[in-house]
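**Q** Questions regarding the structure given below will be posed in turn.
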Ligand code: HEC
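Residue numbers (the working numbering): 1 to 240.
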């Protein structure tokens, strides 16, 4: 019994670590059937993230197929200028420059939604605040000391942290808007949500296919059931 309790406590420990970090994660509203959100997310991703991060398992053609959008529209509205429909979503930044500028290479984001989770990504992208002590002038409440500048600062504006002392430690409990960006808070939340929606899609484009396939499978099972029932009636009708 004691062993069992101990292992339960061990299992709960990571939760405790997150809980004591101060800022709670905001919930992202993920909807992989919302093609408008996915297209907008891909568009914002290309504008604000692709400069540094690749999503190397996705081609622009996949976006057209999976979002039911014309290939030409994807090329006009989403893909960077000069990209072809068969191109993968690769960043133009090379490893050498990335190391020189950021000290590390920005990771490929194909599977980031799976490793970090949608809520973490959503909160992280909203979690930047001004911190003059940092080389980039910003810090992040969800990923302290992160080596990434806030790519969305023009849209969001700048935030300042609100500190509280919890268990003798100063922690950030909230971020306040210090200077307005070009978007309202609601518009910004929606845009970040679209980017996260896109990243969740990127983690599993097959999910969309699986979901639409599911409908056909259910339809087939239903039709098969009807046929089986009719056959049974036909076979047994002379016996009774
Ligand atoms: C100017 C370059 C640059 C841009 C633009 C940029 N990033 Fe980053 N990003 C980085 C660097 C560098 C890191 C690594 C930071 C570190 O490890 O400290 C990083 C890290 C990350 C991480 C954390 C990965 C991990 O370790 O779990 C996520 C998530 C992320 N970026 C998402 C985005 C998204 C989404 C956008 C677009 C809205 C974006 N980034 C735009 C440079 C960039």
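Glycine is no exception: its CB is placed at the ideal position from the N, C-alpha and C atoms.
(1) Could you check what DSSP says for residue 45 in three-state terms: helix, strand or coil?
(2) Which stretch, first to last residue, makes up the beta strand (DSSP E) that contains residue 130?
(3) Using the C-alpha atoms, what's the distance from residue 162 back to residue 13?
(4) Would the beta-carbon of residue 58 be found less than 7 Å away from any heavy atom of the ligand HEC?
(5) Say yes only if the C-beta of residue 86 is nearer than 7 Å to one or more non-hydrogen atoms of the ligand HEC, and no if none qualify.
(6) Rounded to whole angstroms, how far is the Cβ of residue 202 from the Cβ of residue 85, which I believe are closer than 8 Å?
(7) Can you find at least 3 beta carbon pairs, one from the region 130–140 and one from the region 114–122, that sit closer than 8 Å?
(8) For residue 44, which of 223, 235, 190 has the nearest alpha-carbon?
(9) So, with DSSP's three-state summary, where would you put residue 13?
(10) Between the region 95–113 and the region 49–57, do three or more beta carbon pairs fall short of 8 Å?
(11) Whose C-beta lies closer than 7 Å to the C-beta of residue 80 among residues of the same chain, with five residues either side of it excluded?
(12) Given the structure, does residue 203 come close to the ligand HEC, in the sense that its CB is under 7 Å from one of the ligand's heavy atoms?
(13) Note down the Cα distance separating residue 238 from residue 215, rounded to an integer number of angstroms.
(14) Using a Cβ-Cβ cutoff of less than 6 Å, which residues in the same chain neighbour residue 88 once the five nearest sequence positions on both sides are dropped?
(15) At a cut-off of 7 Å, is residue 229 close to the ligand HEC when judged by its beta-carbon and the heavy atoms of the ligand?
(16) To the nearest angstrom, how far is the alpha carbon of residue 188 from that of residue 151?
(17) Let me check one thing: in DSSP terms, what residues is residue 172 bridge-paired to?
(18) Could you tell me which residues DSSP puts in a beta bridge with residue 89?
(19) Please determine whether the Cβ atom of residue 80 lies at a distance below 7 Å from any heavy atom of the ligand HEC.
(20) Please state whether the Cβ-Cβ distance between residue 128 and residue 159 is less than 8 Å.
**A** So, from the data block:
(1) helix
(2) 128–130
(3) Low confidence applies here, because residue 13 scores a pLDDT of 49, under 50, leaving its location unreliable; read the following figure in that light. Approximately 26 Å between the Cα atoms of the pair.
(4) no
(5) no
(6) That belief does not hold up - the Cβ atoms of residue 202 and residue 85 are roughly 17 Å apart, past 8 Å.
(7) no
(8) 190
(9) Unreliable positioning characterises residue 13 in this predicted model, as indicated by a pLDDT of 49, which lies under 50. The coordinate reading is nonetheless provided below. If DSSP states are grouped into helix, strand and coil, residue 13 belongs with the helices.
(10) yes
(11) 46, 50
(12) no
(13) 37 Å
(14) 56, 59
(15) no
(16) 13 Å
(17) 163
(18) 55
(19) no
(20) yes
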